[in-house]
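Engineer:
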């Protein structure tokens with residue numbers, strides 16, 4: 023039911039969409055080296071009440087083990103950036119309906135949200151703040 027509704031309200035292939043242009047960046051992704059303190063700060067600020075994604079890694083675990091796992095994550099993240107490639111599992115997400123308002127039995131009162139893999143979410147936050 024949700025799948026049919028969400029599918030019906032999104033653009034189809036033939037729809038015209040306007041994509042804004044962005045300035046050209048001289049730096050390539052492989053030139054970026056992440057700092058351990060950046061990763062630690064993001065891990066430390068994770069909200070353990072949020073749901074985990076398809077990896078099923080509890081956010082509380084990453085937050086509480088931030089000091090211990092930061093060096094390993096830095097190696098993974100920097101290698102991914104250097105190779106300009108992400109592990110395929112990090113590209114997965116779970117789409118779930120989130121109630122907005124109104125009567126809960128109407129699918130129109132929901133919006134889809136993507137639950138990303140937690141490690142991918144950490145990389146995304148670190149990378150977008152660099």
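Numbering (the working numbering), first residue to last: 23 to 152.
Every residue gets a Cβ at the ideal spot worked out from N, C-alpha and C, and that includes glycine.
Model, not experiment: these values are computed from the prediction.
Can you tell me whether residue 140 is buried or exposed, with buried defined as 16 or more other CB within 10 angstroms of its CB?
Structural biologist: Here residue 140 refers to the residue found at position 118 when the chain shown is read from its first residue. So residue 140 ends up on the buried side.
Engineer: Using only the alpha-carbon positions, how far apart do residue 118 and residue 136 sit?
Structural biologist: Sequence index remark: in the chain shown, residue 118 carries index 96 (1-based). Sequence index remark: in the chain shown, residue 136 carries index 114 (1-based). If I take the Cα positions, the gap works out to 7 Å.
Engineer: Specify the secondary structure class of residue 103 as computed by DSSP and reduced to three states.
Structural biologist: The residue labelled residue 103 in the question sits at position 81 within the chain shown. Residue state, collapsed to three classes: helix.
Engineer: Need the endpoints of the beta strand (DSSP E) that residue 116 sits in, please.
Structural biologist: Locating residue 116 in the chain shown gives position 94, counting from the first residue. Note, residue 116: beta strand (DSSP E), 115–121.
Engineer: What is the DSSP secondary structure of residue 134, counted as helix, strand or coil?
Structural biologist: Taking the first residue of the chain shown as position 1, residue 134 is located at position 112. Correct three-state label for residue 134: strand.
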